[in-house]
Structures are given as C-alpha cells and as structure tokens.
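Numbering (the working numbering), first residue to last: 51 to 889.
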C-alpha cells in the first residue's frame with residue numbers, strides 16, 4: 051500500500067511574479083507565508099496552491115456537475131504533489147443579500163429555529179398569557195391530577211361574549227340530545243324556551259356531563275371531554291365548586307383574546323419563509339421607500355438642483371408640478387427650504403385637491419383635471435414600471451431604509467415573537483452580542499422533556515457560538531446583516547463555520563486573519579487555527595503579524611522585494627530557523643528592524659478639527675468626536691468598538707454628502723458635523739480591488755494612461771495618420787486588435803474541462819493592431835510602454851512633466867516595481883490600496 055505523502059511539494063511555480071520556485075510545505079501544520087507586500091505571497095498561497103487544489107477537486111467530479119461549478123484556470127506551475135482538497139477563506143465581504151445575517155451564514159440560526167420549534171412556549175401576542183394545547187389524554191390526566199375525588203362539570207364553550215338570540219343554536223343542541231346549557235353563567239334546561247336579548251352580548255356553554263372524578267369513571271370522563279371538544283371544535287371547559295373555571299384546548303388559541311396561533315414548528319421562525327416572516331416588511335425588518343432626505347437638496351429650487359432626480363423625470367410630471375405650483379401660488383424659484391410647509395408636503399407627496407392642468411403634445415393642447423401625484427409617489431410608480439436596469443439603478447439611489455413598525459426590525463410575525471424559550475423570544479436572543487448570548491444559553495434552565503428533545507441542538511448552538519467568540523467575533527450579534535460586515539469580520543465568521551463543520555484532511559488557505567483584530571484578540575484566533583490543525587488539517591496563512599509567525603510550525607518567506615524584485619523563496623523552516631537567518635523577516639522577528647515608526651520629538655500641530663456630535667450608529671453610544679486636521683491621526687480600539695462605523699458610516703459618508711450634491715449614500719446616525727469648511731473633498735482609500743477584469747490596470751486607474759495616449763496622439767507619425775487619443779486605447783475600436791478585442795489573448799472553450807487561454811496570434815498579446823504599434827516614442831510603442839515598470843516609465847517620460855509627475859506619485863507610494871499595464875486582479879490588497887493613495 052502506498053504511503054501517504056507527508057508534505058505538499060511544489061515544483062516550478064511561476065504564477066504572476068513567482069520566479070520558478072520550488073517549495074515543500076509540511077502537512078497538518080500551521081504554515082505562515084510572509085514577505086513584503088507584492089512579493090508573491092498571495093500568488094503562491096491562493097493563485098497556485100489553492101487554485102490547483104480546487105481545480106483538481108472540481109476535475110474529479112462528473113462532467114455534468116462541472117458545467118455548473120465552473121473551472122478555475124490551471125496555475126502556471128510544473129507540479130504540485132500531496133495536495134488535499136482546498137478551502138479558501140479570503141478577506142472579502144459576505145455578499146449584498148439583506149436577508150443574510152451572521153446567524154444564517156454560520157447556520158446557528160437554523161439550530162435556534164429548531165430549538166424554538168420543538169421546545170418553545172407560545173404566548174398570546176395580545177395579552178401575553180401562555181397558550182398551551184392539550185390532547186384528550188392530557189386533559190383527562192390533568193383532571194385526575196387536579197380534581198381527583200371532586201365533582202366536576204364538563205362544558206363545551208360555544209359562544210363567548212357575542213350579541214344575538216341564538217335560537218337556532220339552542221334548538222339544535224336540544225335536538226342533538228343535550229339537556230342543559232350554561233347561558234351567561236346560569237344553567238338552563240334546553241327543553242324550555244330560552245329568550246335572549248339580541249342587542250346584548252352572551253356566553254353559551256353546553257353542559258356535556260356532570261360526574262365525580264373517580265378511577266371507575268375514567269372512560270366516561272374521557273368520552274365527555276372528547277364530545278365537548280368535538281362540539282366546540284377543540285375546546286373544553288372544566289367547572290368545579292371551589293375552583294376557578296378552567297378552559298383547555300387542543301389548539302394554540304388564547305382563551306381570553308381568542309387569537310389563534312399557528313402550528314409551532316421550525317419553519318415558523320424563518321424570516322425567509324412567508325409562514326413566519328413579518329407580512330409588512332416580508333422578513334427584511336426594514337421598509338424601503340423614496341426619501342426626502344436623499345432626493346431633495348433644500349438649498350436649491352425644485353427645478354434647479356433642489357429635487358435631484360428632476361433632470362431624469364419625464365415632461366408630464368415636470369409640467370404637472372409647474373401647473374400645481376401656479377394653481378396654489380407657490381414660487382418655485384425659491385430654494386426648497388424657503389417654501390411653506392404645506393407646499394413642501396404637497397410637492398413631494400401630492401394633493402387631494404383636483405387641479406386643472408393643460409398639457410401640449412404634437413396634436414395640440416389638452417386639459418386634464420386631476421390630483422397632482424407628488425414627486426416621491428411618482429418615483430415609486432416609475433420604479434415599478436421601468437424595464438431599464440440603468441434607470442432602476444438611478445432611482446434606487448434615492449431610496450432609504452426605515453425600521454418596520456410592525457415587527458420593530460425583528461423580521462417575524464407578532465405571534466412568532468410571542469414564542470419564548472427560557473424567557474426570551476428568538477429575536478431577543480439573536481440581537482444579543484454573541485458573548486452575552488453564550489452566558490444566557492449556559493444558564494438557561496430547560497425541563498427534562500425539553501432537554502431530551504433539544505439537548506443535542508442546544509449543545510451544537512453553544513459549540514458554534516464558542517467558535518465565533520474564540521475567533522474574535524463575540525461582539526457581533528446573530529442578527530447583524532452580513533452585508534454590513536468588514537472583510538476581516540466575514541473571514542473570521544467563515545473560519546468559525548469551518549471549525550464547526552469538523553472536517554479533516556483539508557487544506558485551509560487564509561488571508562491575513564489577524565487584520566483588524568486588536569492584539570487582545572489575536573491569541574484566541576491563533577488557538578482556533580491550532581484547533582483546526584490539530585484535528586488533522588493543513589492551515590496556510592498569508593500573514594505579517596509577529597505573534598502569528600512565532601506561533602507557526604513552518605514559515606515560508608518570499609522576497610526580497612516586491613514585484614519583479616520579489617517572487618523568490620528566500621527562507622523556509624520553523625520560526626527558530628527563520629530568526630537565526632539574515633532575511634528581512636529574521637531582523638523583524640529579532641526586533642532589530644521591526645519597522646516601527648518613531649516620530650520626531652516635535653509633532654505637527656492640528657490645523658483645526660472636524661467636530662462630529664451625537665454618533666449613534668450601530669454600537670456607538672451617542673458620542674462626540676473631534677478629528678484633527680492637517681496631521682496623521684490614528685483611530686484605535688478593540689475589535690467591534692465602532693472604529694469602522696465612525697470612520698466610514700459617519701465621517702466619510704457625512705462629509706461626502708457635504709461635498710458632492712449627487713452623493714446619495716445615507717450616513718449613519720449622528721447629530722451634526724462641523725469644521726470641514728477648509729476642505730475641498732473627502733476620499734476613501736481601502737483595500738478593495740481597483741478593478742475586477744484584466745482591462746483595468748494601474749495606468750488606467752490612476753489616470754496616467756490618458757496623458758500617455760494624448761502624448762502618443764501628438765507624435766509626428768500620429769498627426770500624419772490623423773490618429774486621435776482614442777486610437778491608443780485597447781477598449782475601443784480603431785487601434786485595438788479586433789481579433790481578441792483588445793484582450794491580448796483568446797479563450798478556447800473546452801466544454802466540461804477548464805477554458806484554455808492562448809495568446810492572440812494576430813497581435814501576439816500586445817492588444818493593438820499593427821498600424822497602431824508603428825507609432826513609437828524613443829523606440830517604444832504604446833504596448834511597450836504598458837510593459838514598463840513605473841520606475842522605467844519615470845525615466846522614459848522624464849521630459850514630459852504631465853506624465854512624469856503622475857508616475858512619480860505612484861513611485862513614491864512604493865510601487866515603482868509594478869508594470870503600468872499589470873492587470874488589476876493580479877495586484878495584492880496592499881498594492882491596490884497604495885494605487886488608490888497615489889491616485
């Protein structure tokens with residue numbers, strides 16, 4: 051029998067900037083891949099090892115399955131042996147579906163639904179009284195337990211506090227053989243004529259039997275209960291001297307409010323199922339509507355920037371607006387804020403008054419008398435009618451979310467929220483921070499019956515919550531929408547989900563899992579990674595963090611530089627082996643070159659402050675923050691303390707809305723923002739990709755490609771041929787190669803095998819046609835320029851300031867090694883961020 055390989059052996063890896071490297075990675079260990087930004091870490095870990103592992107797994111499936119999964123491109127590597135099925139956990143958002151939450155993504159919510167569906171206690175959503183249903187046998191057992199030896203009457207409740215004479219009902223009871231009925235608290239013979247005032251409310255209960263609770267009467271008692279429930283469609287009333295009347299039912303119905311509850315089952319607690327979802331918000335927890343705040347700029351007149359969608363609106367509604375204003379005497383030349391309140395309301399939401407309006411078309415003038423619909427209702431109507439995706443996207447910019455008033459954001463029907471477990475409904479549990487929820491579930495007391503039914507599910511919930519807490523996500527709640535999570539939070543949640551799956555023999559590849567974590571939480575995350583390793587998995591982590599490297603079993607260091615200066619495996623071994631070397635990482639781990647910034651004794655003084663008051667978004671507690679201007683300011687705090695909420699949701703969005711009249715993203719909750727008057731703009735720089743296709747590159751993103759194309763259009767050969775700047779773009783017809791449409795390569799579909807990409811045999815990968823490539827500057831065509839590194843391009847265009855100055859900014863950001871035409875998807879997160887900074 052062949053012995054299983056104990057390591058992953060990589061031979062000849064050349065993906066992106068990797069320099070034909072060979073590496074051996076021990077299995078079932080925690081392995082860190084480190085090195086400078088752009089040195090090839092992600093190219094090795096994700097684009098080579100993970101990509102090949104995923105490709106081989108998909109290739110092992112049937113051809114039918116493969117056509118649905120899609121095939122990854124084969125990485126540029128000679129061979130990888132000892133590879134296990136691979137799972138990638140990258141730093142990316144969890145999608146944009148508003149129905150996805152932390153609970154649904156981790157599947158913990160499914161277990162909670164099971165808990166409540168099998169062991170929850172229903173209550174009346176109106177009066178809060180516990181609602182319980184009984185079978186005939188349970189009712190009989192209760193009678194013998196509570197009324198043993200006592201006389202008891204079995205009644206069937208038929209009418210409760212309703213007006214009417216009910217002659218037909220009483221006659222029918224008599225005809226069916228019943229002798230007595232209790233009417234408004236008095237027992238009457240049915241054979242006698244009973245007169246009831248039809249204008250008054252009455253309560254009628256049919257007397258089924260009267261007996262003493264003895265063992266020999268069990269059969270008779272059981273039949274009486276069954277008869278009472280059949281007559282009243284599920285209800286029975288027990289009456290005994292010296293005891294309160296007791297009404298029991300086989301249905302979930304409140305005996306006082308007569309509110310019927312649905313069958314308690316797991317699907318009832320799903321906000322993605324109409325059976326349990328709030329009918330008003332369809333389980334979203336929020337209402338989407340067109341917002342005055344987003345659609346109106348009160349500083350301008352309605353037709354001149356005051357109503358932002360005005361230019362995209364049709365002639366008819368614009369004309370109707372003017373007619374309504376003329377009829378009512380409103381001056382629309384005034385800024386919107388200066389109009390009377392009744393005019394503002396009518397303009398936006400319409401009028402009840404019939405207004406004469408005259409319209410014109412090619413057939414002449416015509417009159418219409420009707421209600422003016424209002425601008426916001428008209429937008430709602432247009433959204434439902436339009437078939438244009440672009441116009442729909444434009445309209446959606448003016449919609450906002452408000453908490454659903456019916457469910458208060460809980461997403462579920464009131465009767466669902468009235469079901470409790472341990473004193474909490476399911477929404478209350480999911481809204482708690484995970485670290486608090488763990489404490490609640492640990493102390494929750496369940497009866498022996500409930501424990502037997504849901505004990506296993508409760509154990510699974512506790513276990514998965516502990517995993518989330520251990521990866522530093524204890525501050526999140528299960529109800530937190532997945533589309534509001536940062537990349538790091540999404541990664542840690544997926545990591546916790548993988549731990550819960552308890553898979554073994556798997557290769558996990560992670561991208562900087564400690565990013566965004568406070569040092570306080572790093573050790574718990576490392577313990578989690580070790581747990582994954584210890585159950586029989588290989589964990590490869592792309593990381594710069596010192597603690598993670600010191601905790602690793604094996605380290606691969608790439609470098610020594612970035613881009614063309616990187617891509618080499620310069621060291622590998624245990625942390626002790628690396629520390630004893632002389633590589634940049636060794637110096638960093640020894641503390642000899644830790645890269646720590648040591649400020650000069652004299653710090654720069656702030657040139658004023660941006661003052662933000664009343665910050666209340668997410669977990670911010672109505673705080674005031676002063677942000678100094680003209681200095682490098684750091685925002686710090688433990689994971690989940692609200693740093694990103696303040697920086698992005700409040701500060702960035704709040705300022706962006708001040709500088710850009712067209713910006714429509716709603717900022718988080720805060721009272722006021724001031725002190726920004728000396729600023730001209732606000733720019734967000736994050737690590738999101740600068741482009742998702744190979745057509746996007748540093749030259750196009752930074753804008754330096756535009757002056758380069760303009761410069762080539764001014765060359766004598768271009769003027770002679772009449773070439774314009776567009777001739778030197780590979781995105782439009784004219785100068786690009788039409789065989790490959792400017793891609794430089796052709797895709798060959800292989801059906802159930804992965805697609806094969808081959809260099810275009812017409813342009814030889816240059817993207818341009820032959821005539822365009824004949825225009826050269828210092829011997830280089832436009833395609834040759836895109837192959838230059840930033841450093842080389844600075845030298846090439848040193849005499850053209852409008853190009854050289856832009857390139858020098860990219861160079862100063864530490865990106866002199868990247869090529870101008872390097873496809874955006876091949877840039878690392880750090881490189882993409884620095885490209886944005888340079889822009």
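Backbone N, C-alpha and C define an ideal beta-carbon position, used for all residues, glycine too.
Out of 604, 617, 867 and 776, the CA that lies nearest to the CA of residue 80 is found in 604. For the pair residue 84 and residue 147, the Cα-to-Cα distance works out to about 34 Å.
The alpha carbon of residue 311 has as its nearest neighbour, out of 548, 155 and 325, the alpha carbon of 325.
In this structure, 529 is the residue among 637, 793, 588 and 529 with its C-alpha nearest to the C-alpha of residue 150. Our two residues, residue 437 and residue 428, have alpha carbons roughly 16 Å apart in a direct line. Within the stretch 153-177, complete alpha helix (DSSP H) segments of at least 4 residues are found at 158-169, given in chain order.
A direct Cα-Cα distance of roughly 21 Å separates residue 595 from residue 524.
Cβ contact annotation for residue 672 (same chain, cutoff 6 Å, sequence separation greater than five): 664 and 666, in chain order. A check of alpha carbon separations from residue 138 across 541, 627 and 641 identifies 541 as the nearest.
Here residue 233 is bridged, per DSSP, to 236 and 254. A buried status is given to residue 768, since no fewer than 16 other beta-carbon atoms sit within 10 Å of its beta-carbon.
Your pair residue 95 and residue 590 checks out as a contact, with CB atoms roughly 5 Å apart and the cut at 8 Å.
Residue 240 is positioned such that its CB atom lies closer than 8 Å to that of residue 231. Secondary-structure assignment with DSSP links residue 449 through a beta bridge to 340. Of the residues assessed, residue 115 falls on the exposed side of the cut-off, its CB having fewer than 16 other CB atoms within 10 angstroms. Distance from the CA atom of residue 723 to the CA atom of residue 303, rounded to whole angstroms, is 52 Å.
Cα atoms of residue 382 and residue 393: separation of roughly 10 Å, rounded to the nearest angstrom.
The beta carbon of residue 323 sits closer than 6 Å to the beta carbons of 317 from its chain, once the five residues preceding and following it are set aside; these are given in chain order. By the Cβ criterion, the stretch 515-522 is in contact with the stretch 571-587, since at least three pairs of Cβ atoms, one from each stretch, lie closer than 8 Å.
Per DSSP, the continuous beta strand (DSSP E) segment holding residue 608 begins and ends at 604-609.
Per the DSSP secondary-structure output, residue 81 pairs in a beta bridge with 590 and 604.
Rounded to the nearest angstrom, the gap between the Cα atoms of residue 527 and residue 319 is 17 Å. In the three-state scheme derived from DSSP, where H, G and I count as helix and E and B as strand, residue 74 is classed as strand.
DSSP places residue 297 outside any alpha helix (DSSP H); the residue lies instead in the beta strand (DSSP E), whose first and last residues are 296-299. Ranking 533, 68 and 641 by CA distance to the CA of residue 615 puts 68 first. Residue 258 is a Cβ neighbour of residue 274, given a cutoff of 8 Å. Going by beta carbons, residue 70 and residue 64 fall inside the 8 Å limit. Taking a C-beta distance under 8 Å as the contact criterion, residue 279 and residue 286 qualify as a contact pair. Only residues of its own chain outside the window of five on either side were considered, and among them 663 and 664 have a CB closer than 6 Å to the CB of residue 721, listed in chain order. If only uninterrupted beta strand (DSSP E) runs of at least 3 residues are considered, those enclosed by the stretch 614-678 are 618-623, 659-665 and 673-678. Taking a contact to require three or more Cβ pairs closer than 8 Å, the stretch 339-355 and the stretch 430-448 qualify as touching.
Nearest to residue 880 by C-alpha distance, out of 87, 819 and 92, is 87. Straight-line spacing of the CA atoms in residue 440 and residue 433 works out to 11 Å. Under the Cβ criterion (8 Å, minimum of three pairs), the stretch 576-585 counts as touching the stretch 542-559. With fewer than 16 other Cβ atoms inside 10 Å of its own Cβ, residue 177 counts as exposed. Spanning the alpha carbons of residue 213 and residue 306 requires a straight line of approximately 17 Å.
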